[in-house]
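One structure below.
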Amino acid sequence: MKLKEYIPAMMTARKLNKIPLEKLKSSGSCTLPVIVTLTSIPTRLKTIHITIRSLLSQTSKPEKIILWLDDDIRSQVPKSLEMLTGDIFEIRTGKLSPSPHSKLVYTLAAFPDKTLITVDDDLVYAEHCLESLYNEHLKHPTCIIANKCRAISYDDEGNLLPYKQWPMNNQSGITAKNLLALGFGGVLYPANSLHPDATNQELFMKLTPKADDLWFKMMSYLQGTEVRRPTQPTIEATPVIGSQEISLKKTNVGEDGNRSQWIALCEHYSVTL
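Residue numbers (this note's numbering): 108 to 380.
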């Protein structure tokens with residue numbers, strides 16, 4: 108977390124913690140027909156309630172929020188998180204794959220005909236984030252909608268560039284073949300937008316064990332589904348204090364793991380963007 112983010116994050120957390128449980132658990136007057144899905148790890152169990160509170164405080168609430176945890180850590184769930192469970196928020200467990208793909212694949216298998224929105228477990232989402240994604244979905248119902256995107260990029264000779272050279276795409280209302288949806292910003296997946304291989308754990312653990320964004324990009328490409336950045340993207344999600352000590356960023360970005368995993372995907376599926 109950057110120093111300039113600390114005070115706003117602290118103030119936001121304090122504000123969210125003051126919202127009464129009854130208000131958080133109430134479905135409100137407007138419910139979106141979507142399921143929000145995410146996963147977490149032991150080191151974030153003490154802070155993830157802030158993320159969940161931000162999702163329960165949306166201007167339009169989702170039909171359901173599902174947090175997937177491995178069986179081994181269910182007993183470690185703190186009261187601050189447990190107390191939020193109810194008609195909207197639930198915790199599901201299983202023998203999960205040790206990868207970030209868990210945020211989507213298990214909900215995808217359980218609810219194949221539902222519109223799903225993935226989020227991360229270490230961020231606070233703006234109160235209109237879900238409504239904004241869903242409104243864009245209504246205008247472009249066959250597209251994957253993502254607030255944050257990069258452009259998968261190649262040099263003039265067709266060689267894949269290092270991940271750090273895949274530029275962030277900040278253009279609103281754009282679709283492109285090489286657009287990569289970034290999960291941390293919130294991503295909406297319409298029903299049937301991903302290839303049937305999407306839930307193949309053996310395959311995604313072999314090809315992209317630490318890069319769920321790349322896996323789901325390939326699954327959308329194979330299915331012929333476009334990725335779209337909204338006409339009016341929501342403001343950037345803010346970090347939860349104390350949640351980001353463990354991250355895949357060093358491996359995937361610093362060590363260029365994303366590049367090697369994308370190459371593995373393209374070789375396996377014989378794909379050239």
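Just so you know, even glycine gets a beta-carbon here, dropped at the ideal spot from N, CA and C.
Does DSSP put L310 in a helix, a strand or coil? helix
Looking only at C-alpha atoms, which of L211, Y241 and L240 sits nearest to D227? L211
How big is the Cα-Cα spacing for K313 and H375? 11 Å
Can you list, in chain order, the residues of its chain whose CB lies under 7 Å from that of K255, leaving out five sequence neighbours each side? L289, F291 and G292
Any chance the stretch 159 to 179 sits against the stretch 192 to 203, with 3 or more Cβ pairs inside 8 Å? yes
Return the first residue and the last residue of the beta strand (DSSP E) that Y296 is part of. V294 to Y296
Report back the beta-carbon spacing between H372 and Y241 to the nearest angstrom; my notes put them in contact at under 8 Å. The sequence as given places Leu at residue 372; His does not occur at that position. About 29 Å; that fails the 8 Å criterion.
Below 8 Å on the Cβ atoms is my contact criterion, and I expect D320 with L287 to pass it. Report the Cβ-Cβ distance as a whole number of Å. 6 Å
Could you please give me the residues that DSSP links to I180 through a beta bridge? According to DSSP, which records beta bridges pairwise, I180 is partnered with nothing at all.
If you measure between the beta carbons of G364 and K317, is that distance less than 7 Å? yes
Residue span of the alpha helix (DSSP H) that contains G364, given as start and end: G364 to Y376
Could you spell out where the alpha helix (DSSP H) holding R257 opens and where it closes? Careful: R257 lies outside any alpha helix (DSSP H), inside the beta strand (DSSP E) at C256 to A258.
Comparing alpha-carbon positions, which option in V184, Y113, A233 and L295 lies nearest R160? A233
Tell me which same chain residues have a C-beta within less than 6 Å of the C-beta of V294, skipping the five on either side of it? T225, A253 and A288
How should C137 be labelled, buried or exposed, when 16 other C-beta atoms within 10 angstroms of its C-beta is the threshold for buried? exposed
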